[in-house]
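Student:
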Amino acid sequence: MIARRLFSTSTSSYPFPLFWIKGPKAVGLSLLKPSLLPNASVIRADDPRLIGWFQPAAASTTSQPLPTVTNFTPNQKFEDLLHKVLKEKIHLDDGWKAMAQNQKEGYLNISDVRVFTPWGRVSDPEDLFGAVLLKEGVIVENSYQKMGTHRLVSGNGLFQVSELLHEKLVKELENVQ
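With my numbering, letter number 142 in the sequence shown gets 131, and the count goes up by one each step, no holes.
(1) From E77 to G12, what distance separates their C-alpha atoms?
(2) For chain B, is any of its Cβ atoms less than 9 Å away from the one on H80?
(3) Secondary structure at I32, three-state DSSP: helix, strand or coil?
(4) Which residues in the same chain as G84 place their Cβ atom closer than 6 Å to its Cβ, once the five residues preceding and following it in sequence are excluded?
(5) Nearest-angstrom Cα distance between L21 and V102?
(6) Would N131 be called buried (16 or more neighbouring beta carbons within 10 Å of its own) or exposed?
(7) Mapping DSSP to helix, strand and coil, what is V159?
(8) Determine the extent of the alpha helix (DSSP H) in which F67 is found, giving its start and end residues.
(9) Suppose contacts are defined by Cβ-Cβ distances below 9 Å. Is N60 in contact with P37 by that definition?
(10) Going by C-alpha to C-alpha distance, which of E163, V165, Q166 and G146 sits closest to P4?
(11) Considering only C-alpha positions, which residue in the set M88, P23, S24 and I32 is nearest to A15?
This is the structure in structure tokens:
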């Protein structure tokens, strides 16, 4: 198994450690250290610890190929786990709690942080994870509803969440059997 650390998936840097695992037919992308993953030759394409798979360009001159919108295949089991973490933990995130206190009532869009969205604006559909219900400036626990248009990889790079949500996601991934 070959695994190297990536720090950039687009023109902006990815803020957390990211690893790629060279498989027999494609490259898998993971938030976990390779030592926490099974051998690449036996890892299943739908292993929830893999964000997805991609085919590096044949003429790639970089030692660390990057996923793009056209060469990336998302892993539905990873996406399901990501949305589970968002549903269970979004109410703990200080950034989203502050947004809730500002808006007070209604539904608050939960956006991917790979692209800044100014207050009062709605992110592009590919950058919307989902929405939560607010009551009196507080996120209602487990009210998160996923948006089906979110893309793990867009023209703006790989998905990004806050540091707290990233830690919760990694912890959940480490507990996958």
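The C-beta atom is built at its ideal place from N, Cα and C for all residues, glycine as well.
Tutor: This is what the structure holds:
(1) Each residue's Cα considered, the two are about 32 Å apart.
(2) In the displayed structure, chain B is absent; only one protein chain is listed.
(3) In the structure shown, I32 falls within a coil segment according to DSSP collapsed to helix, strand and coil.
(4) By the criterion of a C-beta distance shorter than 6 Å, G84 is surrounded in its chain by S151, once the five residues flanking it on both sides are discounted.
(5) Cα-Cα distance, rounded: 20 Å.
(6) Exposed, because fewer than 16 other Cβ atoms sit within 10 Å of the Cβ of N131.
(7) For V159, the three-state secondary structure derived from DSSP is helix.
(8) DSSP places F67 in the uninterrupted alpha helix (DSSP H) bounded by Q65 to K78.
(9) In this structure, P37 does not lie closer than 9 Å to N60 by Cβ.
(10) Nearest neighbour of P4 by Cα position, chosen from E163, V165, Q166 and G146, turns out to be G146.
(11) Comparing C-alpha distances from A15 to each of M88, P23, S24 and I32 shows the shortest one belongs to I32.
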